[in-house]
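Below is one structure; the comments refer to it alone.
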Amino acid sequence: MGGLENQLFQLKFTSKQLQKQSKRCQKEEQLERTKVKKALEKGQTEAAHIYAENCICKKNESLTLLKLSSRVDGVASRVQTAMTMKAVSSSMASVVKNMEKSMASMDIEKMAGVLDKFETQVESLNLQEERLTSTEPLGSQVDQLLQQMIEDENASTDLSQLDQLNQLQVPSNNLHINASKSTASPKDTNDSILEKRLQALRG
């Protein structure tokens, strides 16, 4: 595991480096934006167009680096989990090793390709984790939680909450809503009491 631990450290380090590069591109974007403004003020339309192109390029580069950093960070997290579970497969270790090579050259395209391969390896790890951490499907747990909260808060008569549940597409057969409490109005209740009293007097 020693080699994999070193690669894990390298993954985390690379994620931070990508974040720094993203911030650097953001600063360069702002500089190009300033150049656009000055060129427009001077009536230099062609120069402003060139600066605007540079500005957009830097903005897109910053976003690409930020997304890549997030993906690398996700890889590091998955590798850490796999190491803890002792579930690192040979194929996953191979992908991480290839990632280390692409990180050394900071080749963004190669890095993205290796990340794609890694994410396919993670799917099997997710299945292993689900078996270990959950005894029933997630959807069933969600339905139970929603039903419990409705019962606790007496939300069965709240039309707005019913609308929200409909928007969430929660199956109605999973929510045992008892609306009988709201069917009787105060007037109906009073009428019933009066009728009983009249019957008692007549009897």
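Counting the sequence shown from 1 gives a position; my numbering is that position plus 836.
Every residue gets a Cβ at the ideal spot worked out from N, C-alpha and C, and that includes glycine.
### Message
Quick check on DSSP: helix, strand or coil for L910?
### Response
A small fix is needed here, since residue 910 is Gly in this sequence, not Leu. Secondary structure of G910 (DSSP, three-state): helix.
- request: Give the straight-line distance between the Cα atoms of N1014 and L981, rounded to the nearest whole angstrom.
  value: Since pLDDT at N1014 reaches only 49, below the 50 mark, its modelled position is unreliable, and no value is offered.
task: Give the straight-line distance between the Cα atoms of K874 and E868, rounded to the nearest whole angstrom.
output: About 10 Å.
Do you know offhand how far K953's Cα is from D988's? Cα-Cα distance, rounded: 46 Å.
**Message:** Once the 5 residues before and after S898 are set aside, which same chain residues still bring their CB inside 6 Å of it?
**Reply:** Taking C-beta separations shorter than 6 Å and ignoring five residues to either side along the sequence, the partners of S898 in its chain run S858, C861 and Q862, following chain order.
Distance, Cα to Cα, Q866 vs C891? So the two alpha carbons sit approximately 7 Å from each other.
Please state the DSSP three-state secondary structure of D979.
In this structure, D979 counts as helix in the three-state DSSP scheme.
_Expected contact under 8 Å - CB spacing of Y887 and K903 to nearest Å_ = In fact, because the Cβ distance is near 25 Å, the residues do not count as touching under 8 Å.
Exercise. When DSSP labels each residue in this structure, what does Q880 get in the three-state scheme?
Worked result: In the three-state reduction of the DSSP assignment, Q880 falls in the coil class.
| said: Let's test the definition: count the other Cβ atoms within 10 Å of the Cβ of T850 and tell me whether it reaches 16, buried, or not, exposed. | reply: Per the 10 Å Cβ criterion, buried.
Practice item. Below 8 Å on the Cβ atoms is my guess for A912 versus K848; work out the distance and round it to an integer in Å. Key: Right, their Cβ atoms sit about 5 Å apart.
If you reduce the DSSP assignment to three classes, tell me which class D943 lands in. DSSP places D943 in the coil class of the three-state scheme, outside both helix and strand.
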